[in-house]
Every structure is written in structure tokens, then in C-alpha cells.
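Novice: First the structure, then my questions, so here it is.
Residue numbers (the working numbering), protein chains in the order written: chain A, 1429 to 1545; chain B, 5 to 117.
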């Protein structure tokens, strides 16, 4: 089954304790992205990756890091979480503009609800 | 500035009724427009995707329309069901692929029995 998986699904942590949210896709997509969703603000892009070892900032990258060492995985790292990073996080994957299915949609994971105390 | 605005912010209708959600955009250049359905606490799921040359696309009881001249789109839901209760998000792409997306904030639809 084609899917994007995220772990953990729920996480409560304390300020300053480093954490990693994993994301994996099994569709061989080049493009992967992280979003956060907050009430009234919609989905906002944190970081995205066009392919292995290629990452770039989205609209709200401050306080986050990412890496893309393998095509299927795109972990989101919070080195020193703060309460304002309490949010619902989504990973997504899809094709890039160079692919013949480039107008295909983006596929989202189930979300990770993070609370930073 | 690239923006996608959706209206209304929220909508409550009776089960079995039809409804229409609106999306206006100022994104340029335009490549395609997508509608997603998002159940509470879950990831968005694609409903339709329309390119510049398409002015209507259906997916079951969901029909999306696009007027690229006025930069408006609508999502019409026919014979609503309780399972249609969700947020509906309009997303506009500025290029091919998924790299250049602008998201609307969504319309929260509630279907009551």
C-alpha cells in the first residue's frame, strides 16, 4: 500500500530536550516536505527536499533541522524545542517538476501532534 | 503576494443538502489548483487537481470548478453525508510538481443529521 508514515503520532516533551520525528514514504518520490498546522493559520511549510542530500527552507524553518540521506526518509529534528513549536506536524511526499507524473498530487502522512511544555 | 483565500471559514448544513465552498487566489504563475479534504487530526487527502485548461472535475459527489480568468474555484458537494464533515483546503501550485504550493486556510464544514 502506497503511504507516508510518521512516528511518533503523539509526543509530549519539555523545553530544550532534543527530539526527532521520523517520516518515511514507499512511493519512490523525489520530493518530501514538512508542514506544521496551527489553528487559523493553515498548513505552513517548514522544510522541503527535492531529492537525496538536497534540502531547502520553507516559510517557517526557524528552530528546525532536516536531513535527507535516503530517498524514502526525511526526519524532522528539533534541537531545542520550545513551547511555540507545539503544533500538529505533517510530512508529505510527491513528484517533482521533472517527473512525467508531476501534476500528481502530494501525499500526506497521518500527522504528529507535538506538545512542548 | 501569492495568496489563497477561502470562504466561508465555516459552514453548517443539514445532511442531504448541497453546498459550495469558494476559493480565490492571487498566485502567479498558475500551474494547477487542488482541493484536499482533511478530517480532524488527520492528514489531508486529495479530492481533485485541475490544470489551467480544465474548468471542471468531479470525484464522486465532489465537483470542483475553475475559472482561471477570474482566479476563482469552487468545490460543490452534492447530497452531503455525515462523513463529509471535515476541513476543505484549496491549494494552488505555481509550477509543475509539488515544490511551489500556496495553501488556503480551509473551510470547516459540519454536516448535522
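All C-beta atoms, glycine included, are put in the ideal place defined by N, C-alpha and C. As the structure is a computational prediction, the values presented were derived from the model and not from experiment.
What residues in the stretch 48–69 of chain B have a beta carbon less than 8 Å from any beta carbon of chain A?
Specialist: 48, 49, 50, 53 and 55
Novice: With a threshold of 7 Å between beta-carbons, can residue 34 of chain B be considered close to chain A, or not?
Specialist: Counting from 1 along the second chain, the entry for residue 34 of chain B is found at position 30. Cβ-Cβ to chain A under 7 Å: no for residue 34 of chain B.
Novice: Indicate whether the contact test is met: 3 or more Cβ pairs, each with one atom in the stretch 1490–1509 of chain A and one in the stretch 1448–1455 of chain A, closer than 8 Å.
Specialist: Below 8 Å, enough C-beta pairs join the stretch 1490–1509 of chain A and the stretch 1448–1455 of chain A to call them touching: three or more.
Novice: In chain B, which residues lie less than 8 Å from residue 1471 of chain A when you measure between Cβ atoms?
Specialist: Within the first chain, residue 1471 of chain A is the residue found at index 43, counting from 1. Near residue 1471 of chain A (Cβ distances below 8 Å), the residues of chain B are 48, 93 and 107.
Novice: Quick one, are the C-beta atoms of residue 1517 of chain A and residue 1437 of chain A less than 7 Å apart?
Specialist: Residue mapping note: residue 1517 of chain A aligns to position 89 of the first chain, counting from 1. Residue mapping note: residue 1437 of chain A aligns to position 9 of the first chain, counting from 1. No, Cβ-Cβ distance for residue 1517 of chain A and residue 1437 of chain A is not below 7 Å.
Novice: Report buried or exposed for residue 49 of chain B, applying the criterion of at least 16 other Cβ atoms within 10 angstroms of its Cβ.
Specialist: Counting from 1 along the second chain, the entry for residue 49 of chain B is found at position 45. Classification of residue 49 of chain B: exposed, given that the 10 Å Cβ count is below 16.
Novice: So what does DSSP say about residue 86 of chain B, is it helix, strand or coil?
Specialist: Position 82 of the second chain holds residue 86 of chain B. Here residue 86 of chain B carries a helix assignment [DSSP, helix/strand/coil].
Novice: Does any CB atom of chain B fall closer than 7 Å to the CB of residue 1537 of chain A?
Specialist: Walking along the first chain from the start, residue 1537 of chain A turns up at place 109. Judged by the 7 Å Cβ criterion, residue 1537 of chain A is in contact with chain B.
Novice: Would you call the CB atoms of residue 59 of chain B and residue 52 of chain B closer than 7 Å?
Specialist: Position 55 of the second chain, counted from the start, is the residue given in the question as residue 59 of chain B. Position 48 of the second chain, counted from the start, is the residue given in the question as residue 52 of chain B. Cβ atoms of residue 59 of chain B and residue 52 of chain B: not closer than 7 Å.
Novice: Strictly under 7 Å for the Cβ-Cβ distance: is residue 1502 of chain A near chain B by that measure?
Specialist: Working through the first chain from its first residue, we reach residue 1502 of chain A at position 74. No, residue 1502 of chain A does not count as interfacial toward chain B.
Novice: Does the beta carbon of residue 1543 of chain A sit closer than 7 Å to a beta carbon anywhere in chain B?
Specialist: Against the first chain, residue 1543 of chain A aligns to sequence position 115. By this cut-off, residue 1543 of chain A is not an interface position.
Novice: Tell me whether residue 59 of chain B sits in a helix, a strand or coil according to DSSP, three-state version.
Specialist: Position 55 of the second chain holds residue 59 of chain B. The answer is coil: DSSP assigns residue 59 of chain B none of H, G, I, E or B.
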